[in-house]
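Numbering (the working numbering), first residue to last: 579 to 715.
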């Protein structure tokens, strides 16, 4: 079961999986020209990160890929790069079987719960198509 508070999280791969990551990336990237992404070292983070980037790129976003990095680094980079937002693949303090996504606005601040719920709802219902985004490592 997915939980939404200041992020989206659930048990990997039952609740949080690569398809969800792609769809979240697609929705988030369709609304922003540039997105910064990073991940932690949890089980599944690398796979979720790759799928998230694929979705962002398919939506046409320019993706700045930080790889494994602490959440504050992602937040700082969003603002410093003038990006439209950011996504951190992490479940923070939750047990190791969890994983998830934390979304940031253009100021590097965590999105409010209402916006996260809206992103999740649209991700569940979106019809995806290919765009022409780029990834910058």
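Where a beta carbon is used, it is the ideal one built from N, C-alpha and C, also for glycine.
By Cβ distance, which residues of its chain are closer than 6 Å to residue i, with the 5 residues on each side in sequence left out?
{"i": "residue 627", "result": "617 and 667"}
What does the Cβ neighbour count give for residue i, buried or exposed, with the cut at 16 atoms within 10 Å?
{"i": "residue 695", "result": "exposed"}
{"i": "residue 604", "result": "buried"}
{"i": "residue 658", "result": "exposed"}
{"i": "residue 676", "result": "buried"}
{"i": "residue 661", "result": "buried"}
{"i": "residue 646", "result": "exposed"}
Below 8 Å CB to CB, which residues in the same chain sit around residue i once its five sequence neighbours on both sides are set aside?
{"i": "residue 698", "result": "580, 582, 586 and 602"}
{"i": "residue 600", "result": "629, 630, 632, 633, 636 and 706"}
{"i": "residue 711", "result": "607, 634, 635, 636, 637, 638, 639, 640 and 641"}
Just the Cα atoms here: how many angstroms apart are residue i and residue j?
{"i": "residue 629", "j": "residue 639", "result": "14 Å"}
{"i": "residue 715", "j": "residue 643", "result": "5 Å"}
{"i": "residue 672", "j": "residue 688", "result": "18 Å"}
Excluding sequence positions up to five away, which residues of its chain have a Cβ less than 7 Å from the Cβ of residue i?
{"i": "residue 654", "result": "686"}
{"i": "residue 625", "result": "596"}
Hey, residue i and residue j are a contact pair by Cβ (cut 8 Å); roughly how many whole angstroms apart?
{"i": "residue 613", "j": "residue 607", "result": "6 Å"}
{"i": "residue 679", "j": "residue 664", "result": "10 Å between Cβ atoms; not a contact."}
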